Each structure stands twice: as C-alpha cells, then as structure tokens.
Amino acid sequence: MSVVVVGILVIILLAFTVYLTLCFLWQKKLKNECKVLGEKLRELEQKNQQLLSLRRTFDSYKEEPFVTSLVDIDGYLEKIRADIKDNLEKYIQYREWLARLDASPWWESRYRWNLIALQKQRRNCIEDVAKNRAMVSQIEQVQARFDQIREFPWSIALQSRELMEYLQQAKALLSELAAFGFYGETYTAQVNRYRETEEAVKQIPLYFLTDPYEKLVTEASQEDVRDVYQIVQTGLPTILATIRQTEQWKNQFLALGKQIELAWKEHDRLVQSLSSMPDELELTTERSRGNEWKTQLQALEGRRKSLTVEEINQLADEISHLIYAIQSAQQFLRHSRQRLFQFQRFMRLNNEMVGRIQQRFDTLAQVALKIEWDISGQRFQNLNETYQALQSADKPYLPQVLERLVEQASRLYNDLLEVDKQTADVAARHHACEKMIDSPEIKNANQWIESAKNLADAIRPYDSRNWPNREGVLSFEKKLQELEMNFRLLNEKLSKQTILESSIEDIFHVVDGFYRQSVSFREQMNVIEQVFRNLVTREKNSLALLKTARNQFAQITLFVLSQPLLAEKAEKEIVQLDHRFDLCETSFRQREKDTLARKQSRLQQLIYDVEQAANRWMAIVENDCLKLLNDLEKRVDRLDQIATLEDPLIHRAKELLSRKNEIFNFRRTARLNIPMDQLVGAMKMIFDTWQEGYAVSKQLTEQVESPLLSLYQEFETLRRTAQAKYGEIEKLIPTQRKWPPNSLLLTVERNEMAQLEEKWHQLQSQPISVIQFVRMLSDTVSGYRGLLEKLLQYEQWAIQEQARIERLEADIRRLDRLWEIQQRRYGQVPEIAGQIQDLRQKATQELASLRQYWLSNASRRPPSVDYDVVLRRLIELSRHLANARIVFVNEDGQQEMMDINGQVIRKI
121 MSVVVVGILV IILLAFTVYL TLCFLWQKKL KNECKVLGEK LRELEQKNQQ
171 LLSLRRTFDS YKEEPFVTSL VDIDGYLEKI RADIKDNLEK YIQYREWLAR
221 LDASPWWESR YRWNLIALQK QRRNCIEDVA KNRAMVSQIE QVQARFDQIR
271 EFPWSIALQS RELMEYLQQA KALLSELAAF GFYGETYTAQ VNRYRETEEA
321 VKQIPLYFLT DPYEKLVTEA SQEDVRDVYQ IVQTGLPTIL ATIRQTEQWK
371 NQFLALGKQI ELAWKEHDRL VQSLSSMPDE LELTTERSRG NEWKTQLQAL
421 EGRRKSLTVE EINQLADEIS HLIYAIQSAQ QFLRHSRQRL FQFQRFMRLN
471 NEMVGRIQQR FDTLAQVALK IEWDISGQRF QNLNETYQAL QSADKPYLPQ
521 VLERLVEQAS RLYNDLLEVD KQTADVAARH HACEKMIDSP EIKNANQWIE
571 SAKNLADAIR PYDSRNWPNR EGVLSFEKKL QELEMNFRLL NEKLSKQTIL
621 ESSIEDIFHV VDGFYRQSVS FREQMNVIEQ VFRNLVTREK NSLALLKTAR
671 NQFAQITLFV LSQPLLAEKA EKEIVQLDHR FDLCETSFRQ REKDTLARKQ
721 SRLQQLIYDV EQAANRWMAI VENDCLKLLN DLEKRVDRLD QIATLEDPLI
771 HRAKELLSRK NEIFNFRRTA RLNIPMDQLV GAMKMIFDTW QEGYAVSKQL
821 TEQVESPLLS LYQEFETLRR TAQAKYGEIE KLIPTQRKWP PNSLLLTVER
871 NEMAQLEEKW HQLQSQPISV IQFVRMLSDT VSGYRGLLEK LLQYEQWAIQ
921 EQARIERLEA DIRRLDRLWE IQQRRYGQVP EIAGQIQDLR QKATQELASL
971 RQYWLSNASR RPPSVDYDVV LRRLIELSRH LANARIVFVN EDGQQEMMDI
1021 NGQVIRKI
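Take any residue in the sequence shown, note its place counting from 1, add 120, and you have its number in the working numbering.
See the structure below:
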C-alpha cells in the first residue's frame, strides 16, 4: 500500500514539475513574440512616415487624371494610420500585461502560473504580428500606386500611340468596304465618326507620340496630360467600335460570296445528279426548276456587287433559302433513285421466290409419296398474277407512281415470303418423313424387332440388377409390344399414295414418334445386349478365375501345413477359406440370385483374403528366414575377420548368403502383397531357403563356432592386454634414456612381441583349416600369456628403481634447503656463509653431472651398470651433505665446527 502511495506522490510531483516548466517556457515565448511585435510596429511607423512624405510631393497635382488616384491613396493612408494606432495600443497592453507578470510574486497564479492565459496571450500576439506583416504589403502596394501616378504621362502616351495604330486599321477597313461598293446611312455615320476621331488625334502634341519614357515622364505638362487623356478616353472606344462594326460588315460580305459560291456548287451538283439519273424515271419538272434556280443565282450575284449595309442580312437569307431548295431537290432525286432501286430489288426477289416455289411444287409432284397443295396452291396462283401485273407497268415511272409501285412490290414480297416459308416447311416435313422412312429404324423394323424378341428370351434367366438401368430391363418386353403396335399403325398411315398439305403435320408426328421410339428402343436394346454379352464373358472369366484360385489355394495349403512355424496357427483359417470357396462357386451357378458384380466382388475379396493370409504366413517364415540369414551373415563375417578359414560348411553358408538378395528381391523396395499367381513360387523359394538356412546355422554352431570363438576371445583379451601393458612399460623404459633412471632394457621383450604379432598376421592371412587354426592359435595364446607375465614383473622393477632415485633426489633437496637456512642465518659472517655456499654449489654441480652422465650415455655401458653408478654416487652425495661440518674461528681465536642443524661443536 505504501508503495502505491509513494508512486502516486511521485507522479503528482512530476506532473507539477512539468506544469511549471511549461509555464516558464510559454512566458519566454510570449516575451519573444512581444519583442517581434514592437520591432514590426517601429518598422511600420517608419514606412508610414515615408509614405506621408511621398504624398506631400504630389500636392501640386490638382487636376484629372491625377486627382481621383490621389483621393484613393489618401483613403489607404488613413486606413494604414488607423491600423498602426490600433496595433500600438495592443502592443502597449501586451507590455503592461508582461510588466504585471514580472512584478507579481512567484506564488501568484493569476499571471505567472496560468498556462491557458499565457497561451491565449501568445496566440493573440502572433496574430497581431501577422497583421503587421500584411500591413507591410499594403504599404508596398500604396508605394506602387505612387509610381503609377508618376508614370501616368507615359501610360497616356502609350494609349495615344495605340489609338494611332487603331486609326490606321480603321482606315484600311473603310477603304476595303468602299472598294466592295458599300453605301448607306449607317456606313456614312461610321465614316464620319472615324473622321472626327482623326481630327481630334491631330491635336495630340507630337512629343507624346515620339519621346522616350525618361523624357516624357519628366517634361510632360499637366495641361497636355489632361488634354491627351480626354482625347484618348473619347477616341479609343469610338475607334474600337468602328473597327468592330467594319470588320463585321466585311466578314458578312465575304460570307455572302462563300454562300453564293456554295449555291453554285449545289446547283452544279443538282445538274450532275439530273444527268446521271436512270432513264426509268420521269424528271421533266425537276429539270425546269433547276433552270429557274440558275437565273435566281445570277440575279443575287449582281445585287451583291452594289449593296447597302442594311441589305446584307436580307440577301444572306435569300441565298440560304435558295441553297435549301436546291439541297431539297437533290434529296428528292436521291430518294427517287433509292425508291427505283428498291422497286427493282423487290421485283428481282419476287421473281426468285416465284421460281423457287414453282420448282418446289414440280419437285414434290414427282416423288413416290406425293403432296396435294390444298392450302398454298390457290394463294400462290393469285400472287403470281399480281407479280405479272407489276412486271408489265408503264415506263418511265413518275416519282409519285413509283411510290405506289414500291409499296405493292413490298407487299407482294411479304406475301410470297409467307408462301415460300409455308411450302418450305411442308417440303422439309415431307423430306424428314422420307428420310425417317428410309432409315434402318423403320425400313428394317421387322428384322430388329425379331432380334429384340430373341434377346428378351435370353436375358430372362438373369437377375435384372445386373444391368445399370434395371427398370429398362424389366419394361423391355412391354416396350417391345407397344413398338409392334405403333409399327402396324404407321403402315396403315403410309398405305395411301398422296398426302394432303393440311395433314402433313399429323403424318410427320406419327412417323417421327415411331422413329424416336425406335431409336430410343434400339439404343436401350443395344445397351442391354452389350451388357448381356459382357455379363456372359465376365461370368466365364469369373468361373475360370475361381477354378485357378482354388487350385493355387490348395498348393498354398500344402506348403503352410508342412511348415512347423505355421501348421497350428493357420489350420483354422485354411478351413474357413476353403468353405468360402464352396459358397462362391455355388453362387455363380445360381444366375437368378444376386448380381454378377457382387459375386465377382465376393470372389475378389476371397482372393484378396487368401493373398493376405498367404502373404501373412509367408511373412512370418520370411522374417524368421531373414533373421536367420542376417545372423548367419554376421557370424560368417566374424569368422572372416578372425582368419581365412577353409571349411566346406563356411563355403556353403557363403553360397547361401550370396543368393539372399536374389531370393528376397521381390520384397526389397516395400513390404507389398505378392499377387496370387506368384504366391506359390515365392512361398516355395522362401520355405526352401528357411530349411537350408536353419540346417547350415545349426551345423556352423556345432562344428566351427563352438571350438573356435572361446579360444579367439581369450586370445584377443590377452593380446590387447599385452599391447597396452607394453605401451605403458615403453613409457617407463624408453629406447632413449630419461630421468629418473632404471636398470631395465626391453630389447628381448620387444623382439618377442614382434614375433608374436608376425605369427598372428601370418595365421590370419593364409588359408587354413579350422583344426589347424585352433591348434596354432593355442600356441600363440601361450606366448602372449608368458610375455604378459614378464611385462608385469618389469613394470614393478622399473617403478621401484625410479622411486628409489626420486627419494634420494628429494632427500638431497631437503638437505640443501637446510644448508640454505644456515646460509641466510650467517649471511653477515662471510667465512661461514662462503663455506656453505661452496658446499651447496658442489652438491648442485654433482647432481647435474650425474643427470648428464645418465642422459648422454657417455660410458656406452648397459643401463644396469650406469644405474648402479648413479645410485651409489647419489647415496654418497646425500651422506656428504648430511655429515658435512663448517669450520670457523670464534672471537677467542679458537676453531669451532657447525653441523647442518646449526649446532656448534668446539674443536679440541
């Protein structure tokens, strides 16, 4: 609980600290913005004073066009002054607020710690700074207005020069209109306004049109500027209006020319169309109207050459109406030509249809089963008469008459189209009936109906479920009877030689119904017959398969019952499978019960179960056989690793193992079931292999492994132990001498070890019988046993001798340390310390000399001799250090002796 309270207090303290920091930060920002605002206000005040000074320089401009611009500038200046005053008051308020903030005590929260108020004041200050920046741009705009006033003479001069250019343009346009022959009051008024403007422009001083910018701005007088300004203000709109009006008249006049040109083109096209129209059309009226329009065009073209501006629009309308009339005439000609072509096309189509219908009548009148046209015959005769009447109409055709002819030809075409369709349908029905009558389904109906009766008798003994469509098989005989009855009805209908057109549909339905029924029945019959034949074939194959499977099962039973591993396990299952074979054979003999597919399924299941059982039985023997051969292979490999043994039994085992992959190749990739037809051979091969492997394994154990392996195991143990022990002793007794020394030498034992190894390698490499190998291996075992005993004894001797040397070295080092203690004790007595130093130094030199003597083998004598020398001298050195005495003269002048323990013996 206390931790939570402390955490809350820490959070509150942190929040308070952050709040105070933010307040200090916003106070600093507000002061900075207030400082920027003051600087901007001072800058604005300076710029405002400059503008006022500049305005006073324009006090002499008291006339237009300067007065209006100066009045606008005075309004801007007054607004800027008022804005500066307002901003200055706000700046004073900011300064007073900051002064109160600085003068308030630190705990006062109204100014100093009111974060919202600080943010609001700074935001207002930033807005005021932005307003001051906007006022700077306003002041710059006012300065630009002063520049415009100063440059006003130059602007007036540019406008006057522009007015001169417009005058030249208006003069050229008026000259063009005069050349076109224009006249009228409106035109004269435009000419007068142009001349008035031209007179006014002549009053403009010449320097306004020629002097450059610098000279014109400085030397132009206000009176000249005022006068030119008035001339320009009046003349520019007037001359621009004149230019627009004259350009409009010019464009309208040119457009009239294009309209007349278009009218002539349309008239020429009309004349060309009249000349190319077919001779079958009567167009006398249209040709006379074309001549009238030509006369009108010539009159309009003459009027255009002397035209008032008020008549321009009227003349344009007349030309447009004339063009429309000519185009309408062209459209009428095109329409008449199209109607003529339509009439000719309809007559051509009608001719084709009349010939086609007549040919159809003639063709159907020559067939065996003739058609009597009781519906279409009379109607076709009437239409043919109408066609002949249209064909003999008078030519050339008037356009109005042609319209009526096209309508009659079109109606005749539609009527003939109906008759053509009706007769085509009748002909198609008649053709379909003839085709169906000549088809095998009707022509050979007597033969295949007899075949269907025979098939019905043949399938009756079988179960109907053998067919995919059981209902079709059950209703086969009933459908056959219905078919025979419909066939008799069809023969009655077709007994007459002529068929009415009105009854062709009924005849067609009868023929088509029997044809479809025959096709469907024959398809059903073919399916039933195909299934029946397949059923008979499958039945024969299944019986043959059942017989073969039962024979194979009998052979499998013999193999299984002869195998001791399976005889008891498989006997009950064999009896059950044999009973299932009996039931399966009985079911095939009873055709009327159950479907053949289910009988085949039971047979396949039986064969599958036999395969499963046989494979399972064979797998038991196979696994045991594989285990037996793998074990035999490991045992043979082990014997081969021991030696190259020559024995008939081993050769027999290797020969059997060499055939293992071949024997089990059929089951190497996966443990799959072997098919029934391969099971007998596979079981015979596996069972024979098991028998042979079992016999070889038993003989190999009794005749080879029993006498050999135990002896070889003993040999391997002794050999590894002797080699290991020899390696350890070699480190103690190396060929090159090491310290501490020993007196032993392994030359004899090394040779003996090499002889034993060479004897073993010879025994392994050469072919040998098992009996000889056992006898020679026994001798080798005895040799390794004796060598091992020697090595163990040598090891003990070497360890003891080296330990003795090490003890003597340790004793010498101990005595040297004791003398070192006495040397440090009497270090201030040079006589004693010097003698002890000499004694120790001689002992060290003697010890180093003995090491060098042993390691360098300088004497070239056996190790036993050198070892005795080193041992004896070490014993002497140890005794010398232990019994040494230091002789010195005492203060009384007498000689004294000191031993290794520092005891002083007075010398007498």
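Even glycine gets a Cβ: it sits at the ideal position worked out from N, Cα and C. Bear in mind the structure is a predicted one, so any value in this text is a computation, not a measurement.
Contact between the region 880-887 and the region 914-924 is absent, with fewer than three C-beta pairs closer than 8 angstroms. In this chain, the alpha helix (DSSP H) harbouring Leu912 covers Val890 to Arg945.
The residue from Thr900, Met796, Leu912 and Gln892 with its alpha-carbon nearest to that of Tyr846 is Leu912. Judged by DSSP secondary structure, Leu620 falls within the beta strand (DSSP E) whose first and last residues are Thr618 to Leu620.
Cβ atoms of Cys553 and Val631 come within 8 angstroms of each other, at about 5 angstroms. Of the residues Gln447, Pro795 and Gln434, the one whose Cα lies closest to the Cα of Trp413 is Gln447. A Cβ-Cβ distance of about 15 angstroms is found for the pair Ala669 and Met803, leaving them out of contact under the 8 angstroms criterion.
Distance from the CA atom of Gln511 to the CA atom of Arg499, rounded to whole angstroms, is 19 angstroms.
For Glu951, the enclosing alpha helix (DSSP H) covers residues Pro950 to Ser976.
Per the coordinates, the alpha-carbon of Phe452 lies some 54 angstroms from the alpha-carbon of Asp626. Put simply, of Tyr533, Gln418 and Asp808 the residue whose alpha carbon is nearest the alpha carbon of Gln462 is Tyr533. Looking at the backbone, the Cα of Leu994 and that of Glu877 are separated by about 41 angstroms.
Counting the other CB atoms within 10 Å of its CB gives Glu538 a total below 16, which places it among the exposed residues. Here the alpha carbon of Gln542 sits roughly 22 angstroms from the alpha carbon of Gln508. In this chain, the beta strand (DSSP E) harbouring Val1009 covers Ile1006 to Val1009.
In this structure, the beta-carbon distance from Pro860 to Glu926 falls below 7 angstroms. Beta bridge pairing from DSSP links Ile1025 with Met1017. Taking the Cα positions, Arg531 is about 13 angstroms away from Asn502.
One thing to note: Ala963 has its Cβ no nearer than 7 angstroms to the Cβ of Leu908. When secondary structure is reduced to three states using DSSP, Ile491 falls in the strand class. In the structure shown, Asn671 adopts helical secondary structure according to DSSP, grouped into three states. Listed in chain order, the alpha helix (DSSP H) elements of length 4 or more contained wholly in the region 739-778 are 768-778. In the DSSP assignment, Asn862 falls outside any alpha helix (DSSP H), carrying neither H nor E. Excluding five sequence positions before and after Trp568, the CB atoms of its chain that fall closer than 7 angstroms to its own CB belong to Arg642, given in chain order. Contact annotation: Ala383 and Leu442 have beta-carbon atoms nearer than 7 angstroms. For Trp810, the enclosing alpha helix (DSSP H) covers residues Met796 to Leu820. Residue state for Trp587 is assigned as coil, using DSSP reduced to three classes. DSSP, reduced to helix, strand and coil, places Arg457 within a helical segment of the structure shown. Secondary structure of Ser640 (DSSP, three-state): helix. Listed in chain order, the non-local C-beta contacts of Arg772 below 8 angstroms within the same chain comprise Val816, local neighbours out to five positions each way being set aside. Look at Ala513 here: in three-state DSSP terms it is coil, with no helix or strand label. The beta carbon of Lys573 sits closer than 8 angstroms to the beta carbons of Leu600 from its chain, once the five residues preceding and following it are set aside; these are given in chain order.
For Leu997, the enclosing alpha helix (DSSP H) has its first and last residue at Pro983 to Asn1003.
Shown here, Tyr635 sits in a helix according to DSSP, grouped into three states.
Only residues of its own chain outside the window of five on either side were considered, and among them Thr358 and Thr362 have a CB closer than 7 angstroms to the CB of Arg313, listed in chain order. Burial state of Asp545 is exposed, judged by a 10 Å Cβ sphere holding fewer than 16 other Cβ atoms.
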